[in-house]
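Here is the structure we will look at.
Numbering (the working numbering), first residue to last: 30 to 508.
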């Protein structure tokens with residue numbers, strides 16, 4: 030039987046958006062790459078931003094706050110403090126607050142153990158200022174809250190590639206483009222427009238590690254996100270919020286460079302893909318309906334954009350929130366004593382390489398030291414119970430769903446959810462609230478991947494997270 034409607038995936042709620050500049054000083058501590066031979070940045074490529082989106086159901090209800098930061102990551106202790114300060118400053122309950130990271134690897138490194146390093150004197154002032162900057166963005170969002178029509182559209186972008194490459198000659202896995210692995214080209218865009226039809230903001234969701242810029246880059250940068258955002262905002266004239274999807278095993282084809290031109294080009298690739306999805310959207314609150322045939326050289330079928338029928342309006346106005354709790358075990362890891370011994374060993378090797386002026390050996394030793402320091406940081410943030418409480422946050426926005434999760438799940442996470450609910454636009458934001466490192470599928474654990482080496486959760490965690498979130502979506506009647 031013929032279908033006489035081309036559905037627009039839609040929602041309706043109350044929403045506001047606000048932004049604040051969070052660009053650090055140009056000489057801030059910048060050591061995000063083990064292979065880097067510098068510590069302090071030497072300039073700014075593009076500014077960094079905090080974007081806040083405040084959400085409510087049409088009947089008001091509790092405020093929900095989603096904050097996206099152009100930063101890489103925070104350690105557990107600093108993250109807990111930030112969440113508490115933002116909650117206190119905005120009045121939004123902790124369980125209804127999600128702070129996510131773009132995960133650029135070219136922002137300021139905010140590890141408080143680095144304050145004595147070159148540029149490290151900027152770390153504490155930045156962390157002290159950041160909650161206020163976020164509250165400023167949230168207050169702008171609050172003052173702009175109004176009823177909106179949400180429209181969801183899917184685009185495609187080939188920027189991301191699988192990045193678990195097997196070097197057969199050396200019999201090791203390396204973290205870099207793997208042409209034979211699965212990638213994910215889905216770009217989801219959400220438009221928010223007021224009830225008069227004026228567009229207020231776009232949200233772009235895509236899964237690709239922001240690792241265009243690497244150890245040779247010495248500039249503070251949002252990576253490809255900056256170029257994408259500039260293109261979308263200049264074209265549409267409204268703010269663009271970016272959410273990084275599940276990209277534990279995805280990265281750009283052209284990456285690991287010091288050339289900001291490449292980062293901007295990668296950003297434009299994603300930006301044009303987002304704009305294609307934007308241009309496909311009909312007017313807010315409308316869908317295409319078949320009207321009648323017209324006799325011409327052929328008998329033509331005429332379709333028109335029509336407002337949603339009353340039964341559709343009921344569905345698009347659904348607004349739900351859930352914060353889940355999943356008990357997950359940690360895997361076995363090196364002890365603090367073992368890691369401190371490793372740290373001392375690599376420092377001695379670095380000193381020897383410097384004396385002999387072996388630059389590449391110095392670089393490799395610094396990289397090993399960086400790995401060990403990060404491992405010590407992860408160990409510090411783990412609870413003594415040996416188990417993690419993993420708290421995904423889910424919002425049903427009419428016919429769409431937004432899922433915010435901690436850590437860096439492999440891309441299987443979002444593919445599995447989207448394949449399980451093919452008629453639902455599911456937007457995924459990783460690196461939400463509490464750090465949990467990489468989360469790999471069972472069949473990728475124990476194979477020698479870098480991501481597995483630094484992960485903290487036991488094998489099977491990813492599959493359990495998928496199952497629990499899927500069960501919640503089915504409970505909402507979306508399956």
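Even glycine gets a Cβ: it sits at the ideal position worked out from N, Cα and C. Since we're looking at a predicted model, the values are computed, not measured.
Tell me whether residue i is buried or exposed, calling it buried when 16 or more other Cβ atoms sit within 10 Å of its Cβ.
i	result
residue 92	buried
residue 429	buried
residue 144	exposed
residue 75	buried
residue 60	buried
residue 213	buried
residue 291	buried
residue 242	buried
If you follow the alpha helix (DSSP H) that residue i is in, where does it begin and where does it stop?
i	result
residue 296	289-308
residue 372	365-384
residue 105	105-119
residue 265	253-265
residue 494	490-504
residue 316	Per DSSP, residue 316 belongs to no alpha helix (DSSP H); it is in the beta strand (DSSP E), 315-324.
residue 88	Per DSSP, residue 88 belongs to no alpha helix (DSSP H) and is neither H nor E.
Determine whether the beta carbon atoms of residue i and residue j lie at a separation below 7 Å.
i	j	result
residue 269	residue 262	yes
residue 456	residue 217	yes
residue 316	residue 36	yes
residue 223	residue 174	no
residue 245	residue 205	no
residue 44	residue 94	no
residue 254	residue 131	yes
residue 462	residue 279	no
residue 58	residue 152	yes
residue 438	residue 236	no
residue 69	residue 56	yes
residue 136	residue 81	no
residue 468	residue 486	yes
Can you give the Cα-Cα distance for residue i and residue j, rounded to whole angstroms?
i	j	result
residue 293	residue 326	48 Å
residue 221	residue 379	53 Å
residue 301	residue 157	36 Å
residue 77	residue 465	24 Å
residue 460	residue 31	43 Å
residue 477	residue 400	15 Å
residue 299	residue 376	41 Å
residue 215	residue 470	20 Å
residue 424	residue 458	12 Å
residue 354	residue 494	10 Å
residue 232	residue 371	43 Å
residue 187	residue 451	21 Å
residue 192	residue 283	11 Å
residue 453	residue 507	7 Å
residue 320	residue 128	46 Å
residue 202	residue 473	11 Å
residue 366	residue 482	18 Å
residue 305	residue 184	7 Å
Tell me which residue opens and which closes the beta strand (DSSP E) that residue i is part of.
i	result
residue 449	Here residue 449 belongs to no beta strand (DSSP E); instead the alpha helix (DSSP H) covers 441-449.
residue 418	416-419
residue 166	Note, residue 166: premise wrong, no beta strand (DSSP E); alpha helix (DSSP H) at 152-172.
residue 137	Taken as a continuous stretch (DSSP letters only), residue 137 belongs to no beta strand (DSSP E), as it is neither H nor E.
residue 425	422-426
residue 270	269-273
residue 203	201-204
residue 196	193-196
Per DSSP, residue i forms a beta bridge with which residues?
i	result
residue 185	215
residue 96	81, 128
residue 234	217, 272
residue 460	Paired residues: none, contrary to the question.
residue 352	422
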